[in-house]
Amino acid sequence: MSLLDAIAGDAPSRDTLFAPSAAKSGFTDADVQALLSLRRTLHHFPELSSEEHQTSARLIATLQSLGVAEIERVAGTGIVARIPGQHADVPLIALRGDIDALPITEQTGLSFASSVPGVMHACGHDVHASWTIGAAMSLLREPAEGDVLIVLQPAEEIGAGARAILDSGALDGVAAIFGAHVDRRFVVGEVIAEAGPLAASADSFTITLHGRGAHGARPHEAADPIVAAAAGITALQTLGARRIDPARPADCTV
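Convert by adding 26 to the 1-based position in the sequence shown; the result is the number in the working numbering.
Take a look at the structure:
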């Protein structure tokens, strides 16, 4: 089975929107079309965190069609595949792409828009999975110095998939993990990297205010949580300005 056969069976028709250039990528036109088809098929059939069963099956079929022999299912719907390198004594590295979608209704009108009501690849994980497959294609043709693990991570959006893969032991012995994220601010085909933090994780917290009701004409008899909440929202915006080193990027969103 060819790469296109594995990934394009029920894919929507392809067009030129966001199509990368084969000359820039180093791939053939057929490679580019295969990866483009994969991305749009994943986008057309999104699955939520920990429910990526069809997505996982499709990606495994794609890796198998490329000739990857060592493929392991981990963390339920996750995948770790090993691509041999040239030397056994070189540190092991991993390339990671996430695969889950978000509970959002797509209204883009694109030919490959989500076919699943209320679910959409709104964070680019369809792209992340596809370029990780593209990296596998390249490594199979021109092996790295050492072995490389291709990691397709489920449940990123709920903060559970990475821990589950680590707990599985599939990444034991890995010296470094590389990942990336799409960003509409940059030109298609550009890769941005710099020393220090470039992207951030998120920590969520909930603040509950308890008050006491009263008649609107007797506010002095109440403990009004609305006023306290308004003051708290304003105060939270000073965290980045007054509580965190200005040389470190940070954001607090309510």
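All C-beta atoms, glycine included, are put in the ideal place defined by N, C-alpha and C. This one's a predicted model, so the numbers in the text were calculated from it and none came from an experiment.
Residues near residue i by beta carbon distance below 8 Å, same chain, minus five either side
| i | result |
| --- | --- |
| H113 | E171, G172 |
| G239 | A248 |
| L224 | I218 |
| L118 | G172, D173, V174, L175, G199, V200, A201 |
| S82 | R99, T103, G104, I105, I125, L178, P180 |
| H207 | G150, H154, A225 |
For residue i, the three-state DSSP class (helix, strand or coil)
| i | result |
| --- | --- |
| E98 | strand |
| L74 | coil |
| A118 | Correcting the residue type first, residue 118 is Leu in the shown sequence and not Ala. Of the three classes helix, strand and coil, the one that applies to L118 here is strand, per DSSP. |
| A201 | strand |
| D271 | coil |
| D152 | helix |
| Q179 | strand |
| A83 | helix |
| G242 | coil |
| A107 | strand |
| A139 | coil |
| V217 | coil |
| L128 | strand |
| A261 | helix |
| V253 | helix |
| V58 | helix |
| G185 | coil |
Residues near residue i by beta carbon distance below 6 Å, same chain, minus five either side
| i | result |
| --- | --- |
| V142 | P72 |
| D115 | none |
| P140 | Note on identity: in this sequence residue 140 is Ser, with Pro being the wrong assignment. Excluding positions up to five away in sequence, the list reads P72, E132, M146. |
| G111 | P169, A170, E171, G172, D173 |
| T260 | none |
Min CB distance residue i to chain B below 8 Å
| i | result |
| --- | --- |
| T234 | Of the chains in the structure shown, none is chain B; there is only one protein chain. |
Buried or exposed by the 16-neighbour rule on C-beta atoms within 10 Å, applied to residue i
| i | result |
| --- | --- |
| Q177 | It should be noted that the sequence gives Val, not Gln, for residue 177. Classification for V177: buried. |
| T279 | exposed |
| T67 | buried |
| S230 | exposed |
| A49 | The predicted position of A49 is uncertain, since its pLDDT is 47 and thus under 50; a value taken from the coordinates is nonetheless stated next. Exposed is the call here. |
| L325 | The chain is shown only over 27 to 280; residue 325 falls outside these bounds and no answer can be derived. |
| H241 | exposed |
| I252 | exposed |
| T232 | exposed |
| I109 | buried |
| E330 | The shown model of the chain, from 27 to 280, leaves out residue 330, and the question about it has no answer. |
| H246 | exposed |
| L262 | exposed |
| R65 | buried |
| T88 | buried |
| V214 | exposed |
Cβ separation of residue i and residue j, assumed to be a contact under 8 Å, to the nearest whole Å
| i | j | result |
| --- | --- | --- |
| E183 | S75 | 5 Å |
| A107 | A162 | 7 Å |
| F204 | R122 | 7 Å |
| G266 | A276 | 5 Å |
Chain-order list of residues whose beta-carbon lies under 7 Å from that of residue i (same chain, five-residue window excluded)
| i | result |
| --- | --- |
| L61 | S156, I159, G160 |
| D271 | none |
| L92 | L29, A162, M163, L166 |
| P25 | Residue numbering for the chain in the displayed model covers 27 to 280; residue 25 lies beyond these limits and cannot be assessed. |
| G258 | I233 |
| R274 | none |
| A101 | P180, G187, A190, I191, S194 |
> Is it a yes or a no for the segment 127 to 135 touching the segment 189 to 198, going by three-plus beta-carbon pairs under 8 Å?
Replying inline: The segment 127 to 135 is not in contact with the segment 189 to 198.
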